[in-house]
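Just so we're on the same page, our numbering is the position in the sequence shown counted from 1, plus 6.
Encoded as structure tokens, the structure appears first; notes follow it.
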Amino acid sequence: MGTEYWTHKYPCLCGKGHILEHVESPDNPWSKDRYSYELACAECSKIWIYRFGYLENRAAYETHKLWSERQFKVEKEIRSICSHAIDQILADKVFAVPN
Ligand SMILES: [Zn+2]
């Protein structure tokens with residue numbers, strides 16, 4: 007039999023597109039059905055993005071994503087610089103052979 011998948015199609019609130027509800031139903035008694043949603047509306051998906059169960063403003067999401075990527079890159083650079091500095095301090099002050 008296997009896992010079953012199906013999709014329900016609901017009208018978007020704007021009346022022009024659709025909201026899709028995807029259902030995944032495993033064929034074992036210990037798993038629950040899993041639901042995911044998709045905003046299938048050309049008009050509304052310009053403004054909104056569906057993430058983690060909520061509609062989020064697309065422009066705010068993309069700005070946040072851009073800043074998060076920049077922050078990650080800067081943090082990575084800082085960690086690299088600090089790691090080299092710590093290695094140098096350890097080499098000079100801790101592991102150096104006394105004269
Ligand atoms: Zn819509």
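Every residue, glycine too, gets a C-beta built ideally from N, C-alpha and C.
Please report the distance separating the alpha-carbon of residue i from that of residue j.
i            : j            : result
glutamate 49 : serine 89    : 48 angstroms
arginine 85  : leucine 72   : 20 angstroms
alanine 102  : serine 74    : 40 angstroms
glutamate 83 : glutamine 94 : 17 angstroms
arginine 64  : alanine 97   : 49 angstroms
Kindly indicate which residue of the options has the alpha-carbon position closest to the one of residue i.
i               : options                    : result
leucine 45      : Leu61, Pro35, Ser31        : Leu61
phenylalanine 6 : Ile87, Ser42, Cys47        : With the chain represented from 7 up to 105, any question about residue 6 goes unanswered, as that position is not in the structure.
tryptophan 12   : His28, Arg76, Ser37, Gly21 : His28
glutamate 10    : Gln77, Asn34, His24, Tyr56 : Asn34
Mapping DSSP to helix, strand and coil, what is residue i?
i             : result
threonine 103 : Inspection of the sequence shows that residue 103 is occupied by valine rather than by threonine. Three-state result, valine 103: coil.
alanine 97    : helix
Nearest-residue set for ligand 1, Cβ under 6 angstroms from any heavy atom: Screening all residues for a C-beta within a distance smaller than 6 angstroms of any heavy atom in ligand 1 leaves Cys18, Cys20, Lys22, Gly23, Cys47, Glu49, Cys50, in chain order.
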